[in-house]
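Enquirer: According to my numbering, the residues represented by the sequence shown are 55 to 426, in order. Okay, here's the structure, questions in a sec.
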Amino acid sequence: MVRALLLAGPLSRAELARRLERSPASITKITQPLLGSGLIGEVTAPTAESPGRPGAPLVLHADRHRFLGVKVTADEVYAVRTDAAGSVEVFAHRPLADVEQDTVVAEIIELVNELSGPGEIQALGVGLAGQMSRFDDTVRANSFLGWDQVPLARILEKATGIPTVLSEDARALTAGVHWSGPGRGMSDFAVLTVGVGVGLGIVIEDRVLAGPTGRVGRIGHTRVADSGPVCPLGHRGCASAFLTTASITQGIGVPHGRADLDLEEALALAAAGDPVALRVFEDAGHALGVLVAELANMLGLPAVILAGDGLGMIAHARRRMDAAIADHLDPNATPPQVVAFTSGFDEWARGAAVVACQWMLVDPPPHHTAPA
């Protein structure tokens, strides 16, 4: 019920019964303790009925719940405070002097103290790269920080007193996009991210997909071409070899004798008509199109949302992306809507806050319930 009200509220009891496939009597039984606790409320009571009657639409009191979300990169830590709907109240970030565990933890704690303010913070969510499940407590295989098997949630919870949960960053971003971003109102879609890495989050039937191991979304090394550059792991023609910021800047910078070329300069070269830059971005567009088409082919998704700090490429990659989608889409598949969602790392932090909200209010799994 909380999920339904967060995603689509306010809703009448009749509509909740229909969506949840419950009887009106069971809806009434479920709502009573939620109303009593103040978690949900009634928008207005029609004049013909007294408060609490079935005619009053129900709404989640999102502003009565506060969560913190953190996104950790190799260079900075970003943090937000949100309500239960994922609306950002305040945002801050801090640079990292290094990626040592003590340094990163200290910066997160400073941000938590800065953003907490008066009142209770119900949970802290942290999104970062690696092989974490939907609700996790341990950082695994984070190549950007060089961390593995780091019990970060327990460390932060002990230091702050706030229940803490970790999630893989692309999946956390997807949660935020679904609840109160461009994916709101969509029941099925994917978020495909490009930047330092290539990430994927999937929503099926209004739920962020985690899979049996919690590690759905390993798409970065999918083969998208029979030839082309080699990624750092030795895969020729994989998505990462074409789409990561490092692969793009290297592909443009090396022919120009520029080992220090950054993405902004690469985009400027393409805008000026540089043939090398245009070719690299066109190849990236092809890779992006292949991934989008395969997502539509395998999952029947009606929409794919593109995001990430490397999304600036789309201005020079869109034509080839659209062509690749058309070439690789199954004849019986429906072309997906492709939406470019430009945002900063505050949006990734907001997604981590949404994960914290889901963990505490909606989906705490039996093997990892929120601390009291």
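The beta-carbon is built from N, C-alpha and C at its ideal position, and this holds for glycine as well. Predicted model, so just to flag it, every value in this text is computed and none were measured.
Would a C-beta distance cut-off of 9 Å place A350 and I368 closer than the cut-off?
Expert: Against a cut-off of 9 Å, the Cβ pair of I368 and A350 comes out as no contact.
Enquirer: Could you tell me if G288 is buried or exposed, where buried requires 16 or more neighbouring beta carbons within 10 angstroms of its beta carbon?
Expert: Classification for G288: exposed.
Enquirer: Please classify S281: is it buried, with 16 or more other beta-carbons within 10 angstroms of its beta-carbon, or exposed?
Expert: Flag for S281 reads exposed.
Enquirer: Contact defined as beta carbons within less than 8 Å: I believe G179 pairs with S141. What is the distance between those atoms, to the nearest angstrom?
Expert: Not confirmed; about 15 Å, so no contact.
Enquirer: Less than 8 Å between the CB atoms is what I'm expecting for I306 and L323, so what's the real figure, rounded?
Expert: Indeed they touch by this definition, with Cβ atoms about 6 Å apart.
Enquirer: Please identify the residue among V158, A407, D314, T298 whose C-alpha is closest to the C-alpha of L227.
Expert: Comparing Cα positions, the closest option is A407.
Enquirer: Please list the terminal residues of the continuous beta strand (DSSP E) segment that includes P149.
Expert: 142–149 is the span of the beta strand (DSSP E), which, as asked, contains P149.
Enquirer: Comparing alpha-carbon positions, which option in D337, D260, I163, T276 lies nearest D376?
Expert: When each option's Cα is compared against that of D376, the closest is D337.
Enquirer: Alpha carbon to alpha carbon, how far is G255 from G462? Give it in angstroms, no decimals.
Expert: The shown model of the chain, from 55 to 426, leaves out residue 462, and the question about it has no answer.
Enquirer: Could you have a look at S241 and say whether DSSP puts it in helix, strand or coil?
Expert: In the structure shown, S241 sits in coil (DSSP, three-state: anything other than H, G, I, E or B).
Enquirer: Leaving aside the five residues before and after R194 along the sequence, list all residues of the same chain whose C-beta is less than 7 Å from its C-beta, in chain order.
Expert: Cβ within range, chain order: G184, Q185, M186, D202, Q203.
Enquirer: Less than 9 Å between the beta carbons of V219 and D191, yes or no?
Expert: Against a cut-off of 9 Å, the Cβ pair of D191 and V219 comes out as a contact.
Enquirer: In three-state terms, what does DSSP make of L199?
Expert: If DSSP states are grouped into helix, strand and coil, L199 belongs with coil.
Enquirer: In angstroms with no decimal places, state the Cα-to-Cα distance between F461 and S66.
Expert: Summary: the structure shown does not reach residue 461, with the chain confined to residues 55 through 426, and so no result is reported for it.
Enquirer: State the Cα-Cα distance for the pair R404 and A224, rounded to the nearest angstrom.
Expert: If I take the Cα positions, the gap works out to 12 Å.
Enquirer: For A322, name the three-state secondary structure that DSSP assigns.
Expert: A322: helix per DSSP, three-state reduction.
Enquirer: Does S301 come out as helix, strand or coil in the three-state DSSP assignment?
Expert: Of the three classes helix, strand and coil, the one that applies to S301 here is helix, per DSSP.
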